[in-house]
Amino acid sequence: MAASPLDLDQLQTFITIADTGSFTRAADEVHRTQSAVSMQMRRLEERIGKPLFEKDGRTNKLSEEGERLLTHARKLLQLNRETLALFDDKALEGTVRIGMPDDYADRFLPEIMARFSRSNPRVELSVICEPTINLLELTRRGNLDIAVVTECDEVRPVEIVRQEPLLWVSSASHMVHEEEILPMAFGRPNCRWRLTAVEALERSARRHRVLFTSWSATVITAAVLSGLAVSVLPECALRPGMRVLGEADGFGSLPDCGIGILRGHTSRPEIVEALARHISESLDNISVPVIEDGGSFDFAAVTSVKGRRLKPGHVLAGW
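Numbering (our numbering), first residue to last: 1155 to 1473.
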């Protein structure tokens, strides 16, 4: 006997619980009583044959099986919306609010906007550039529909769509990285990249001082390119005129940086899911800078096919 299909209403409630982190808030979102939501989840667990939630103190969190179901549930709901949209010419029309840090916007936004706007010419994109922590708060308040963020403990749940190596960088025209007390340019004190870099410097007993602090990627980039400071950046944020530092320069490797999609609560989930799909495809398509054998830097290749990973000692030639 063929298995009966999954109930899409149950899956929608399940996704809402995962996104809001609460049965109570999910009940408000789907306009049901909390007892009705609990009943839906019991029936979904019976249909799956696995527990989808587990106790974490006084709260419930997704079990391992629940995490697995979440990815497929999103795809099923998206396919359902796309199917209905085939018979509704006005399905993807309106406004969607997207946020991302300015360093990601500089590298990723042109590709994302081009892909999405070509497919959805009647959707208006409202874009805001803020640090990840600010984007998290804006999303929680309902001021953003979707955000491209850096993976960190404070941001959950986030769908990771790209991994970037975090690199030590300095100016290719200066030797600031050889100073006895290393001058640094960082984001604000709670910036994940800053915390990671400081921990690495302290482990290696490298003397340093923070000279420049800013959430703006433009400010950090200016401090590096002018030879005033060393910083840490994901590979996608490298610019012509920068040098990648490594073990030979006294700088150890850093952990990778996860870039992900954070969804907010919206009355137009079909637009948000369509944009999320284009973001994922765009970030997968955008390559890293390509270094030719002679050391020259092909900046145009950043938006074409995937290039070879940068190695310590590579210099990104100026404009």
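Ideal Cβ positions, reconstructed from N, Cα and C, are used throughout, including at glycine. Keep in mind that this is a model prediction, so the values were computed, not measured.
Range covered by the beta strand (DSSP E) that runs through residue i
i, result
"residue 1365", "1362–1367"
"residue 1420", "No beta strand (DSSP E) contains residue 1420, which DSSP labels as neither H nor E."
"residue 1165", "Premise fails: residue 1165 lies in the alpha helix (DSSP H), 1162–1174, not in any beta strand (DSSP E)."
Distance CB(residue i)-CB(residue j) smaller than 7 Å
i, j, result
"residue 1315", "residue 1407", "no"
"residue 1335", "residue 1361", "yes"
"residue 1246", "residue 1277", "yes"
"residue 1205", "residue 1192", "no"
"residue 1331", "residue 1410", "no"
"residue 1322", "residue 1399", "yes"
"residue 1518", "residue 1167", "The question about residue 1518 has no answer here: the residues shown for the chain are numbered 1155 through 1473."
"residue 1265", "residue 1440", "yes"
"residue 1303", "residue 1289", "yes"
"residue 1396", "residue 1364", "no"
"residue 1180", "residue 1170", "yes"
Near the ligand MN: residue i beta-carbon under 6 Å from a heavy atom
i, result
"residue 1191", "Annotation note on the ligand MN: not contained in the displayed structure, which lists no ligands."
DSSP beta-bridge partners of residue i
i, result
"residue 1339", "1366"
"residue 1317", "1412"
"residue 1388", "1320"
"residue 1207", "1216"
Closest by C-alpha distance to residue i, when choosing among the options
i, options, result
"residue 1328", "1317, 1380, 1277", "1380"
"residue 1274", "1348, 1259, 1432", "1432"
"residue 1162", "1287, 1233, 1286", "1233"
"residue 1200", "1175, 1164, 1278", "1164"
"residue 1257", "1365, 1321, 1171, 1369", "1369"
"residue 1324", "1342, 1159, 1376, 1285", "1376"
Limits of the unbroken alpha helix (DSSP H) element including residue i
i, result
"residue 1177", "1177–1184"
"residue 1356", "1346–1357"
"residue 1372", "1371–1379"
"residue 1192", "1188–1202"
Report the residue ranges of all beta strand (DSSP E) runs contained in full by the segment 1237–1308; include only those spanning at least 3 residues, in chain order.
1248–1254, 1277–1283, 1300–1304
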